[in-house]
Amino acid sequence: MNLIKGYPESMRESIEKVEKTREKRLKEKYQQMSLEERDEVLNKYHPDYKPEVKRKLSVGSSKEEIVPMEVADLIESYPLVSEKDIDLTSIDYDVDLLIIGGGGAGTMAGIWATYEGIDPQNILMTTKLRHGDSNSIMAQGGIQAADKANDSPDIHYLDVIGGGHFANEPELVEALVSDGPAIIKWFESKGVMFDKQKDGTMITIHGGGTSRKRMHSAKDYTGMELLRVIRDEFINLSIPVIEFSPAIELLMDDKGQIAGAVLFNIETHQYYVVRAKATVMGTGGFGRLHIQGFPTTNHYGATADGLVMAYRCGARLRDMDSVQYHPTGAAFPEQIVGLLITEKVRGLGAQPLNRDGNMFVHPLEPRDVESAAFIKECYGAGLGVETPTGMQGVWLDSPMINMLKGEGTTERELSAMYRMFKRFDINMVEDPILVFPTLHYQNGGVVIDANGATELKGLFAGGEVTGGVHGKNRLMGNSLLDYSVFGRRAGISAAKYSKKASVGELTLSHVTRYRKELEKAGVPESRKSPMILPEYRGRNVLSRAIDIF
Amino acid sequence: MAEKNQIPLVSVFIMGKEYKIPSGLTLMKAMEYAGYRYTRGAGCRAGFCGACATIYRLKNDYKLKSALACQTTVADGMYLVQLPFTPANKQKYDMEKLNIAHNALLKEYPEIARCISCNSCTKVCPQELKVMDYVQASLRGDIEKAATLSFDCVQCGLCAFRCPAEITQYHVGQLARRLYGKFVAPKAIHTEDAVNKVNSGAPRAEISKLKSMSPAEIKDLYKKRPIE
Numbered sequence: 015m016n017l018i019k020g021y022p023e024s025m026r027e028s029i030e031k032v033e034k035t036r037e038k039r040l041k042e043k044y045q046q047m048s049l050e051e052r053d054e055v056l057n058k059y060h061p062d063y064k065p066e067v068k069r070k071l072s073v074g075s076s077k078e079e080i081v082p083m084e085v086a087d088l089i090e091s092y093p094l095v096s097e098k099d100i101d102l103t104s105i106d107y108d109v110d111l112l113i114i115g116g117g118g119a120g121t122m123a124g125i126w127a128t129y130e131g132i133d134p135q136n137i138l139m140t141t142k143l144r145h146g147d148s149n150s151i152m153a154q155g156g157i158q159a160a161d162k163a164n165d166s167p168d169i170h171y172l173d174v175i176g177g178g179h180f181a182n183e184p185e186l187v188e189a190l191v192s193d194g195p196a197i198i199k200w201f202e203s204k205g206v207m208f209d210k211q212k213d214g215t216m217i218t219i220h221g222g223g224t225s226r227k228r229m230h231s232a233k234d235y236t237g238m239e240l241l242r243v244i245r246d247e248f249i250n251l252s253i254p255v256i257e258f259s260p261a262i263e264l265l266m267d268d269k270g271q272i273a274g275a276v277l278f279n280i281e282t283h284q285y286y287v288v289r290a291k292a293t294v295m296g297t298g299g300f301g302r303l304h305i306q307g308f309p310t311t312n313h314y315g316a317t318a319d320g321l322v323m324a325y326r327c328g329a330r331l332r333d334m335d336s337v338q339y340h341p342t343g344a345a346f347p348e349q350i351v352g353l354l355i356t357e358k359v360r361g362l363g364a365q366p367l368n369r370d371g372n373m374f375v376h377p378l379e380p381r382d383v384e385s386a387a388f389i390k391e392c393y394g395a396g397l398g399v400e401t402p403t404g405m406q407g408v409w410l411d412s413p414m415i416n417m418l419k420g421e422g423t424t425e426r427e428l429s430a431m432y433r434m435f436k437r438f439d440i441n442m443v444e445d446p447i448l449v450f451p452t453l454h455y456q457n458g459g460v461v462i463d464a465n466g467a468t469e470l471k472g473l474f475a476g477g478e479v480t481g482g483v484h485g486k487n488r489l490m491g492n493s494l495l496d497y498s499v500f501g502r503r504a505g506i507s508a509a510k511y512s513k514k515a516s517v518g519e520l521t522l523s524h525v526t527r528y529r530k531e532l533e534k535a536g537v538p539e540s541r542k543s544p545m546i547l548p549e550y551r552g553r554n555v556l557s558r559a560i561d562i563f
Numbered sequence: 467m468a469e470k471n472q473i474p475l476v477s478v479f480i481m482g483k484e485y486k487i488p489s490g491l492t493l494m495k496a497m498e499y500a501g502y503r504y505t506r507g508a509g510c511r512a513g514f515c516g517a518c519a520t521i522y523r524l525k526n527d528y529k530l531k532s533a534l535a536c537q538t539t540v541a542d543g544m545y546l547v548q549l550p551f552t553p554a555n556k557q558k559y560d561m562e563k564l565n566i567a568h569n570a571l572l573k574e575y576p577e578i579a580r581c582i583s584c585n586s587c588t589k590v591c592p593q594e595l596k597v598m599d600y601v602q603a604s605l606r607g608d609i610e611k612a613a614t615l616s617f618d619c620v621q622c623g624l625c626a627f628r629c630p631a632e633i634t635q636y637h638v639g640q641l642a643r644r645l646y647g648k649f650v651a652p653k654a655i656h657t658e659d660a661v662n663k664v665n666s667g668a669p670r671a672e673i674s675k676l677k678s679m680s681p682a683e684i685k686d687l688y689k690k691r692p693i694e
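Residue numbers (our numbering), protein chains in the order written: chain A, 15 to 563; chain B, 467 to 694.
Written out as structure tokens, the structure reads:
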């Protein structure tokens, strides 16, 4: 295929139209939708509003809850191990606190449990891949917190509730927004390099659905910068970590408490038994389930293992009917389809445009509304841009950023984005970039309270695995804040709990019970979970694979 | 036994063994197409985590090049190997006790004084950072420069592999950035003020009012909220 500065001729024709309308658009503003208009476009075009893509759970503590088919299949699956496979009399690790998951929430939990007085040597973090391999490290645009003079946690509260379609748990939202300023201050004291003015004032911008400019950033590497710093702090505290050993089942004791987990070393295929007085779950979300076949922005291990494990012990789930599609996943070139184009690109002024170079939606509606509007423009109005592989997308007019904010802004503040496109010969300072919604975030999850405690004794959780904080739709910049606030709170609560807890006899009887429930419901034996990692090997290879070695 | 498609195939040598791969795939997807299932060597799959550091050589070229496997397209005749782990030394330190007046970077990582300015680290960096320059800045105690130049580092570890002086550049950069963020960058006064405001209890009283509102009232308030 002949490419001119990264784009084929067919797409170049549309880029010319974008260039023609640019001067006029630089001065124009597009009207935001009313709540009624939002509902209309969501109902008609958002992938999440199609009833046929979901079903009711037929087993467990959230029976009758409506969830996406892919989630239902995962939850209504048989455990990978049964009671007879695991010797619980031989304990490999005996700790006060087990942290499952090496992303932002787990890292915060470990640090704050240590501050709470737990000896680091009595903590164990276990993670599927490496410490830090997570969605947390991939977040680009920023972290919200109401710390400017014209802002306040209650204003933040209203934005969160409205963005979440008023379905959020008020106590959780209150915790989220109230801890915000202190979290930013703590990060600053740990050495996070926030974007600041010369006098120290944080540079903050809007995100979709915010009423104040409260998005703090570290270029477009915000998630990476935060995680690098807290991981460094975690390592300095000498908290032990076992990498490449995901938990595959939670353990309970004869008193009905959560009492640790069974880990599986994915390199040697050995299992480990961990007995713990308290357990924090920071296992993240479900992007790698590829709900409705969507590509995803999520990391390789985002397979919702935590949901499955907690559910088998009796944890309730909430808001799992709602899935977040990020409006701006890359739609071209093919190599990066589905990867995140940070909302900051729109925050800095880039407008979404159809193939004729015309605006059709305000750039910063809440994510679900913006996504639905993009899908409408492509598949309702038929005004999307087609790529050589037949994918549809809309333009993000990125050259506007330097025109509005000054030469060098894109290269400086969006260096990750600029670098990614440059690797594929596209210069986003000169040419627009093509985007389409991509699977981004698990809005719902395990029920927790404001202290990060689940309804199961001994189990705490924070971050994407939990539900209630964001209602039916999370706003940009609230996931980094979520893992910070609830990872911290879960770590502190678990530490306090572990000081008083005593563990009884370990058991996996809950797994047997769950198996019986599945049999009764007629679930096919072939379904097994947790998934651990998605399967991406070539079809040809898999069709000829034999399991003899 | 190629799968049915019109996409031309290219030869890629994964650790020396030849596989036919559809052109246009990333190195990571090519490995998977060939039948490798990642445990190590894949993380975020989007260029942010540094798990997929890769060394490769192109046909008829003696030079070794570097890449992130998730961000690079296959080429015909490419030889590649991934380096998923770096056995590098990371110092443990208490940030509260470090002293920037006496070059803390040199104190924690004295091996930076062994830099011979060969520029191998800069040449290998898949993020195209000026690695040698930030090592030299660290040596001079120029924390701001070391922090800024190293900011986009994904900590893949390739620099440390190539360094003849056995410096762990990416850990030095990490410390430089934390020192800058903590001791050099000016503090945000408004953040401090906001924390004091929360502690005063005023926002909590406002949030209590919001929590006690009926759904209709709060929706109405949301609709009318002024936007900056």
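For every residue, glycine included, the Cβ atom is placed at its ideal position computed from N, Cα and C.
Everything numeric in this text was worked out from a predicted model, so none of it was measured.
The three-state secondary structure of Ser-150(A), taken from DSSP, is helix.
Ile-175(A) and Ala-181(A) have their alpha carbons spaced roughly 7 Å apart. With 16 or more other CB atoms across the displayed protein chains lying within 10 angstroms of its CB, His-313(A) is buried. For the pair Ser-616(B) and Arg-643(B), the CB atoms are nearer than the 9 Å cut-off. Membership of Met-544(B) in any alpha helix (DSSP H) is not indicated; the residue belongs instead to the beta strand (DSSP E) covering 544 to 548. Looking only at Thr-539(B), Gly-639(B) and Arg-670(B), the smallest Cα-Cα distance to Lys-436(A) is reached by Thr-539(B). For Cys-581(B), no Cβ of chain A is located within less than 9 Å of the residue's own Cβ.
With its beta carbon at least 9 Å from every one in chain B, Asp-53(A) lies outside the interface.
For the beta strand (DSSP E) assignment, the uninterrupted runs of no fewer than 3 residues enclosed by the segment 425 to 486 of chain A are, from N- to C-terminal side, 447 to 456, 459 to 461 and 473 to 475. In this structure the segment 510 to 520 of chain B touches the segment 603 to 620 of chain B; the number of beta carbon pairs closer than 8 Å is three or more. Of the residues Ala-387(A), Lys-471(A) and Gly-476(A), the one whose Cα lies closest to the Cα of Glu-54(A) is Ala-387(A). What Tyr-646(B) touches in chain A, judged by beta-carbon distance under 8 Å, is Gly-205 and Met-207, going in chain order. Note on Ser-412(A): 16 or more other CB atoms within 10 angstroms of its CB, so buried under the neighbour-count rule. Membership of Pro-184(A) in any beta strand (DSSP E) is not indicated; the residue belongs instead to the alpha helix (DSSP H) covering 184 to 204.
Legend: CB atoms of the segment 324 to 341 of chain A lying less than 8 Å from CB atoms of chain B are not found in any residue. In the three-state DSSP reduction, His-568(B) falls in the coil class, being neither helix nor strand.
In this structure, DSSP gives Arg-39(A) a helical state, which the three-state scheme calls helix. At a cut-off of 9 Å between beta carbons, Tyr-21(A) makes no contact with chain B. Counting only the Cα atoms, Arg-381(A) lies some 12 Å from Gly-491(A). Annotation for Met-83(A): no beta strand (DSSP E) segment contains it, though the alpha helix (DSSP H) segment containing it runs 83 to 89. One finds Ala-654 and His-656 in chain B with Cβ atoms closer than 7 Å to the Cβ of Thr-215(A), taken in chain order. At the C-beta level, Asn-457(A) and Gly-178(A) come within 9 Å of one another. Across the set Val-294(A), Gly-296(A) and Thr-317(A), the C-alpha of Thr-317(A) shows the shortest separation from the C-alpha of Ile-305(A).
Within 8 Å of the CB of Lys-162(A), the CB atoms of chain B belong to His-656 and Ala-660, in sequence order along the chain. By the Cβ rule, the segment 479 to 489 of chain A counts as touching the segment 329 to 345 of chain A, because three or more pairs are nearer than 8 Å.
Under the three-state reduction of DSSP output, Phe-479(B) falls in the strand class.
Glu-498, Tyr-499, Ala-500, Gly-501, Tyr-502, Arg-503, Tyr-504, Thr-505, Arg-506, Ala-508, Gly-509, Cys-510, Arg-511, Ala-512, Gly-513, Phe-514, Cys-515 and Ala-517: these are the residues of the segment 496 to 517 of chain B whose beta carbon lies less than 8 Å from some beta carbon of chain A, given in chain order. Interface with chain A (9 Å Cβ-Cβ cutoff): Gln-548(B) is excluded. At the C-beta level, Phe-627(B) and Val-597(B) stay beyond 9 Å of one another. Counting along the chain, Gln-640(B) sits inside the alpha helix (DSSP H) bounded by residues 635 to 645. Judged by beta-carbon spacing, Ala-292(A) lies beyond the 9 Å limit of Ala-559(A), meaning their Cβ atoms are not closer than that value.
Less than 9 Å divides the Cβ of Ala-127(A) from the Cβ of Ile-506(A). Non-local C-beta neighbours of Ala-554(B) in its own chain, meaning closer than 8 Å and more than five positions away in sequence, comprise Gly-623, Ala-626, Thr-634, Tyr-636 and His-637, ordered along the chain.
Interface with chain A (9 Å Cβ-Cβ cutoff): Phe-617(B) is included. For the 9 Å CB-CB criterion, Gly-124(A) and Leu-111(A) form a contact.
With a threshold of 9 Å between beta carbons, Pro-576(B) makes no contact with chain A.
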